[in-house]
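In our numbering, the protein residues as written are 124 to 332.
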């Protein structure tokens with residue numbers, strides 16, 4: 124074998140050795156990356172860069188806003204004397220109509236049914252001062268709902284269905300007694316305080332000369 128052939132074989136061997144090293148490194152990197160991905164997927168490895176919450180479109184909160192307490196000694200209002208407007212803030216098609224039908228089965232008077240603003244939580248019950256007892260009566264049929272007082276002057280109430288709403292409580296599940304006064308929700312404002320009329324301070328009359 125000539126020196127030229129021997130040199131060619133040596134170069135070929137070195138090239139094969141370099142290729143083997145390169146492929147070995149690539150396989151090792153891929154294996155490590157695969158193990159890391161599996162660890163992150165199974166929550167065995169946490170990466171700070173990935174630990175960020177997702178952003179969502181804002182929705183109306185279902186947290187109570189200065190809920191009124193019921194008037195002292197107020198009793199549940201008969202269902203057929205309560206007018207309820209049903210608004211669908213859940214994003215689920217047909218839920219307002221289905222809930223309106225359920226309210227009618229329970230003898231409530233249904234007013235309007237329409238879409239409402241996207242609402243988080245089970246539901247919110249909007250009402251004015253005159254509809255406080257009506258709102259508390261309806262609340263017993265919607266476990267998990269919250270009360271939202273507003274400035275309306277009549278006794279109608281709005282039931283705004285949220286993204287966690289499922290159904291009305293069955294009549295046998297409702298803990299209301301016709302002869303038992305309504306109980307206020309935690310942290311409610313005393314009704315007497317809300318309806319109190321401020322008294323004008325007496326003015327001093329000018330002294331006669």
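For each residue, glycine too, the CB sits at the ideal point set by N, CA and C.
So, residue i versus residue j, is the Cβ gap smaller than 8 Å?
i           : j           : result
residue 305 : residue 207 : no
residue 247 : residue 214 : no
residue 236 : residue 249 : no
residue 190 : residue 299 : no
residue 256 : residue 262 : no
residue 209 : residue 223 : yes
residue 307 : residue 275 : no
residue 242 : residue 217 : no
residue 273 : residue 253 : no
residue 266 : residue 292 : yes
Quick check on the burial criterion: 16 or more other C-beta atoms within 10 angstroms. Buried or exposed for residue i?
i           : result
residue 181 : Caution is warranted here: a pLDDT of 44 is assigned to residue 181, below 50, making its placement in the model unreliable, and the coordinate value is therefore given only provisionally. Counting Cβ neighbours within 10 Å, residue 181 comes out exposed, since fewer than 16 surround it.
residue 145 : exposed
residue 244 : buried
residue 202 : buried
residue 239 : buried
residue 258 : buried
residue 226 : buried
residue 233 : buried
residue 302 : exposed
residue 194 : buried
residue 148 : exposed
residue 309 : exposed
residue 280 : buried
Considering only DSSP beta bridges, list what residue i is partnered with.
i           : result
residue 250 : 272 and 280
residue 191 : 312
residue 341 : The structure shown does not extend to residue 341, since the chain spans only 124 to 332, so no value can be given for it.
residue 237 : 210
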